[in-house]
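Everything on this sheet refers to the single structure shown next.
If you want it as structure tokens, here you go:
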């Protein structure tokens, strides 16, 4: 790790560091293709896990664990779970989307260098209700913050990450010997890639488009109109126009 990690004042980052943070956010991709067969260096993986471990957590509970999965046979079993879950999910799709759904590449379980399952221990710090008395699911949300930290750090390192959500949780718990009180949150495919796509795969394939941000900003209440100046500022921005990501 380069430089000091001590937060000693209230200043923001310099322009180069600030742009790097935003670039990681704007160019992060859910990688399913383009994985290379190259192994992932343990020093790099250690930095990604350290970044994940420094995610915010309500009540400083740090409910996460990280299961590193390298074994090829175990990963094949996980992929079998994915294939079964995909067939179960297919009938829920509208008829005109089922054909596209079948064509989509939705995982890189066996192609990536390794897999990581990030879990949430629902009993960790269970004696302390700080931040969870009225919302007991804050441990789950905290774990998702660790996923995001891992993902952004991976992008900065040139490492691809793909989140495989089409897996039945109980079957995955059985395969990975996850205790009953622990919830699997994210199953990630991790490895070096040949490229990061200019746009999200699902956008490229016509599954959906990014929603206009001004339409998602409310004022004071959920139905509140206003913030016209803010919305105008937002409308002027995009990743390319502010130099935070290369233009496609």
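In this note's numbering, the protein residues as written are 2 to 249.
Even glycine gets a Cβ: it sits at the ideal position worked out from N, Cα and C.
Computed from a predicted structure; not experimentally measured.
Sequence-distant residues of its chain with Cβ nearer than 6 Å to residue i (five each side left out)
| i | result |
| --- | --- |
| residue 122 | 64, 183 |
| residue 247 | Here the model assigns residue 247 a pLDDT of 48, short of 50, so the residue's position is not dependable, and the following value carries that caveat. No residues qualify anywhere along the chain. |
DSSP state of residue i mapped onto helix, strand, coil
| i | result |
| --- | --- |
| residue 122 | strand |
| residue 229 | helix |
| residue 249 | Because residue 249 carries a pLDDT of 42, less than 50, the predicted location of this residue cannot be relied on, and the following value inherits that uncertainty. It is coil, neither helix nor strand. |
| residue 239 | coil |
| residue 189 | strand |
| residue 217 | helix |
| residue 222 | coil |
| residue 203 | helix |
Same chain only: Cβ atoms within 7 Å of residue i, ignoring 5 sequence neighbours per side
| i | result |
| --- | --- |
| residue 179 | 120, 185 |
| residue 129 | 60 |
| residue 126 | 60, 62 |
| residue 55 | 150 |
Pairwise C-alpha distance: residue j and residue i
| i | j | result |
| --- | --- | --- |
| residue 155 | residue 23 | 14 Å |
| residue 199 | residue 29 | 10 Å |
| residue 233 | residue 219 | 13 Å |
| residue 113 | residue 34 | 9 Å |
| residue 31 | residue 226 | 33 Å |
| residue 192 | residue 202 | 17 Å |
| residue 71 | residue 195 | 20 Å |
| residue 15 | residue 153 | 19 Å |
| residue 93 | residue 87 | 10 Å |
| residue 10 | residue 20 | 20 Å |
| residue 216 | residue 236 | 10 Å |
| residue 223 | residue 75 | 46 Å |
| residue 150 | residue 95 | 34 Å |
| residue 134 | residue 164 | 30 Å |
Contacts around residue i, its chain only, beta-carbon distance under 8 Å, and the 5 residues preceding and following it disregarded
| i | result |
| --- | --- |
| residue 80 | 108, 110, 111 |
| residue 173 | 79, 82, 118, 179, 185, 188 |
Query raised in the report: What residue ranges within the stretch 23-111 form continuous beta strand (DSSP E) runs of no fewer than 3 residues, ordered along the chain?
Result: 65-70
**Report entry** Validate contact between the stretch 139-146 and the stretch 163-176 using beta carbons, cut 8 Å, 3 pairs
**Finding:** These segments do not touch.
Query raised in the report: Mind pulling the beta strand (DSSP E) runs of 3 or more residues that sit fully within the stretch 128-176?
Result: 160-165
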